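A.B. asks:
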Amino acid sequence: MASTSNIEIDERNKELYKAIMNEDTEGVLKLCQQFEDGPFHVVTIHDDTVLHVATYSRQADLVLQLLEMVTDDQLDKLTFQNKIGNTILHEASTSDILVEAARKMLIKAPSLLYQRNQYDVTPLYRSVCYGKIEMFKFLHKEIQRLKHEGDAEANSEDNYQQKNKTTILHTAVVIESFDLALLIAKEYEFLINKKDKDEMTALQLLSCNSSAFESKGGGWANSLVCSSYWGVPLCQEKWKQNQRYESALKLAQFLIKKDTSWIATKAVEDRDQTRYHKYGRFDSISSSSPEQKIEKQATTPLFLATKFGCVEIVKKILSEYPWAVEYIDHDGRTILHIAIKYREMQILEIVAQMGVPMRRLARKVDRYNNTILHMVGEKTDDPVVPVVQSPAFQLQDNLLLFERVREICPSHLLNTINMHRKTAQQLFDAENQKLHEKAIEWLKRTAENSSLVAVLIATVAFAAAYTIPGGPNQSTGLPILLYQPFFVVFTMTDVLSLTFALTSVIIFLRILTSPFRLNDFKQSLPQILMLGVTFLILSVSMMMFAFAATVILMIHTRGQWTKIALYTASCLPVSIFALSYLPLYLSLMKTFKYSLKKVAMIFPHCTGAFVLSCVKSFLPKSSRPNQIESHVSTCPPKSQACPNLVEMA
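When we follow the working numbering, the leftmost residue of the sequence shown carries the number 17, and every step to the right adds one.
#1: Can you name, in chain order, every residue of its own chain whose Cβ lies under 8 angstroms from the Cβ of residue 62, other than the five neighbours on each side?
#2: Would you kindly report the start and end of the unbroken alpha helix (DSSP H) that includes residue 390?
#3: For residue 318 and residue 344, I'd like the C-alpha separation in whole angstroms.
#4: Under three-state DSSP, which class holds residue 341?
#5: With a Cβ-Cβ cutoff of 9 angstroms, do residue 415 and residue 537 count as a contact?
#6: To which residues of the same chain is residue 653 closer than 7 angstroms at the C-beta, ignoring the five residues directly before and after it?
#7: What three-state label does DSSP hand residue 177 in the structure shown?
#8: Please report the distance separating the alpha-carbon of residue 441 from that of residue 431.
#9: Who does residue 65 pair with in a DSSP beta bridge?
#10: Three-state secondary structure (DSSP) at residue 183?
#11: Note the first and the last residue of the continuous alpha helix (DSSP H) segment covering residue 379.
#12: Kindly indicate which residue of 158, 325, 60 and 66 has the alpha-carbon position closest to the one of residue 52.
#13: Classify residue 419 as helix, strand or coil using the three-state DSSP reduction.
#14: Using the Cα positions of residue 211 and residue 88, report the straight-line distance between them to the nearest angstrom.
#15: Along the chain, where does the alpha helix (DSSP H) containing residue 143 start, and where does it finish?
#16: Since residue 223 and residue 324 are thought to touch, with beta carbons under 8 angstroms apart, how far apart are those beta carbons, to the nearest angstrom?
#17: Please list, in chain order, all residues of the same chain as residue 353 whose beta carbon is under 7 angstroms from its beta carbon, the five residues on each side excluded.
#18: Less than 9 angstroms between the beta carbons of residue 229 and residue 204, yes or no?
#19: Which one of 520, 591 and 24 has the shortest CA to CA distance from residue 462?
#20: I need the straight-line Cα distance from residue 129 to residue 191, nearest angstrom please.
#21: In terms of residue numbering, what span does the alpha helix (DSSP H) encompassing residue 216 cover?
#22: Quick one: Cα of residue 451 to Cα of residue 530, how far?
#23: Should the stretch 326-334 be called in touch with the stretch 265-277, which here means at least 3 C-beta pairs below 8 angstroms?
#24: Which value, in whole angstroms, describes the spacing of the CA atoms of residue 363 and residue 209?
#25: Sort 273, 136 and 439 by Cα distance to residue 340 and report the nearest one.
#26: Would residue 110 and residue 142 be called neighbours here (beta carbons separated by less than 9 angstroms)?
#27: Determine the closest residue to residue 161 out of 55, 147, 123 and 178, with distance taken between C-alpha atoms.
#28: Pick from 348, 102, 514 and 185: whose alpha carbon is nearest that of residue 275?
#29: Compute the distance between the beta-carbons of residue 384 and residue 434, then report whether it is under 9 angstroms.
#30: Output the distance between the C-alpha atoms of residue 48 and residue 55, rounded to the nearest integer angstrom.
#31: Suppose you measure from the CA of residue 411 to the CA of residue 393; what does that come to, to the nearest Å?
#32: Relative to the alpha-carbon of residue 436, which residue among 446, 428 and 427 has its alpha-carbon at the smallest distance?
#33: Rank 457, 424, 73 and 369 by C-alpha distance to the C-alpha of residue 39 and give the top, closest one.
#34: Can you give me the C-alpha to C-alpha distance between residue 258 and residue 193, rounded to a whole angstrom?
Structure representation (structure tokens):
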């Protein structure tokens, strides 16, 4: 008999659960009346009542009607918790559409506001976890109302944090709900400097999230389209990304003004025990006295933002606290050490523009006697370092960075040895040895594959030169279509295709026979590779134009649209071929930027005088007007024109 009763209960539970899932409000209310507990009848294996299920399924009208069914003698059951400790207010806190239902719950059972589940989470905290701003505002107002009424529990800071010290502000930053985080920071300023179990403030967490500051905006056109996105998926995504960027920026600006965690870092004195050579005893560096040891402290937001590439936060912090640039972490490293180690060149340039602090920071060494030049060679497996396209370009980036840092590093520190008895150059060479081997292998493989394509194109172009379109005249031996306009186009493009292909083959052979020295990857080898790829693309282009000219000659048509269609079709493979090499081109472009920068450094002011002297040499003496002399008189003197040469002299 008992089993029959259980079967009947299971059938009614099944029917009730289906009615809730199907949003059959009348059916649910009717079935609830058949149970003694009514809306508090347990439906699921997790001890969820009808009210629980209706709430987390977000049926606001059903929840309100179920609450109306609650009698006065059932009010204590409103605080019932399921197996994970969630009350009905916990379930309601996950949706903004249940604000009215939450208000009615608190009217009937005010203690719901402070109840915690098994994860030590209150309804207010849970609303933040789900990023529900409207629900948070409502629960916040309820706590403030109770606080004004003298409720002691409402004054407790435990309402806003877990036992592991994680606050609602930390949580809002982690889930990237930056609008909600800004609201929390303004309402509860005491949470700004609160630290979680990892000793991190909200600003420090925000500084680790570089993706939050990636704006996808692109000019006024994009702003105009995305300001009202009209339901277009692409514009919706861009609009959301722009809004996220703006919210993160506002939050960072507010937190920087209030956060004082950067004070924890203390500057240290310059040490005078720096080793400039590798000879003699080395004990003085490897062993440090207790007074010289720096107490390990939490990383500041400035250094975290530098490490993760949050340029906006770095700018805001240095704008608000300019002296923060001189602080040092527990390893004795400055912002320059961090920026160089994690390849954040934009931050390096920001500090370089500060002038006086830059000169001071450039001569700092860390606890391990590493200069900023050592940081270029220091190995890091941290995922924040951007992954480049190939080993050759990664090695080129490292070489260019080494030279850039060498320019700002004081000359007396260039040969400084660290605690591992290595200079910056030795450390760089050792750490890039495997990368150098991979770069050689990649460059050889690229040159071999490209030369194979170039030889194939040269073969086709050479064969086309002896199988002219239309064939030769049997009596004269001259081409039948010799006097056709497109025959000249065919001849020129075919010859150019052959010339460019053979030239690229020679260039790629030059790469294969190169000694592949480490410094060759900084400039010469990337330039040679770019030149070879350029000639290869040109040879493909000329071959396709020759093909189009041949087709036009063979069909004997003068139709303009036919010619346009043929040449358009011939451009298609060339475009695809060029696009496939576009990433390679973009990576190689920095080689030319480097060369131009070097030329500008060598001839900062002499270029104008040099051009003027060339112009005068080509003019006859009688035609050299006095105005040229006047221009010469306006040129800077030698001591000003080439200051570097004067200093060297």
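All C-beta atoms, glycine included, are put in the ideal place defined by N, C-alpha and C.
All values derive from a computational prediction rather than experimental measurement.
C.D. replies: The answer reads as follows:
#1: Once the five neighbours on either side are set aside, the close Cβ partners of residue 62 are 98, 99 and 100.
#2: If you look at residue 390, you'll find it in the alpha helix (DSSP H) that goes 390-393.
#3: Roughly 10 angstroms between the two C-alpha positions.
#4: Three-state DSSP puts residue 341 in a helix.
#5: The Cβ-Cβ distance between residue 415 and residue 537 falls below 9 angstroms.
#6: Low confidence applies to residue 653: its pLDDT is 39, below 50, so where it sits in the model is not reliable, and the reading given next is rough at best. Excluding residues within five positions, none has a Cβ falling inside 7 angstroms.
#7: Looking at residue 177 - three-state DSSP - the assignment turns out to be strand.
#8: Answer to the nearest angstrom: the Cα atoms are 8 angstroms apart.
#9: Answer is 58.
#10: Residue 183 falls in the strand class under three-state DSSP.
#11: Unbroken run through residue 379: none, as it is neither H nor E.
#12: Of all alpha-carbon atoms in 158, 325, 60 and 66, the one lying nearest the alpha-carbon of residue 52 is that of 66.
#13: Looking at residue 419 - three-state DSSP - the assignment turns out to be helix.
#14: One Cα belongs to residue 211, the other to residue 88, and the distance between them is close to 43 angstroms.
#15: DSSP places residue 143 in the uninterrupted alpha helix (DSSP H) bounded by 139-145.
#16: Confirmed, Cβ separation roughly 7 angstroms.
#17: Taking residue 353 as the centre and dropping the five residues before and after it, the same chain places the C-beta of 382, 388 and 391 closer than 7 angstroms to its C-beta, in chain order.
#18: Taking the C-beta atoms as reference points, residue 204 is found no nearer than 9 angstroms to residue 229.
#19: For the options 520, 591 and 24, the alpha carbon positioned closest to that of residue 462 is the one of 520.
#20: Rounded to whole angstroms, residue 129 to residue 191 spans 23 angstroms at the Cα level.
#21: Unbroken run through residue 216: none, as it is neither H nor E.
#22: So the two alpha carbons sit approximately 17 angstroms from each other.
#23: Yes, the stretch 326-334 is in contact with the stretch 265-277.
#24: Separation of residue 363 and residue 209 (C-alpha to C-alpha, rounded to the nearest whole angstrom) is 25 angstroms.
#25: Here the closest residue by C-alpha is 273.
#26: Here residue 110 is near residue 142, since their CB atoms are less than 9 angstroms apart.
#27: Per the Cα distances, 123.
#28: Of the candidates 348, 102, 514 and 185, the residue whose Cα lies closest to the Cα of residue 275 is 185.
#29: A contact, by the Cβ cut-off of 9 angstroms.
#30: About 6 angstroms.
#31: Taking the Cα positions, residue 411 is about 11 angstroms away from residue 393.
#32: Ranking the options by Cα distance to residue 436, first place goes to 446.
#33: Among 457, 424, 73 and 369, the Cα nearest to that of residue 39 is on 73.
#34: Cα to Cα, the separation comes out at about 14 angstroms.
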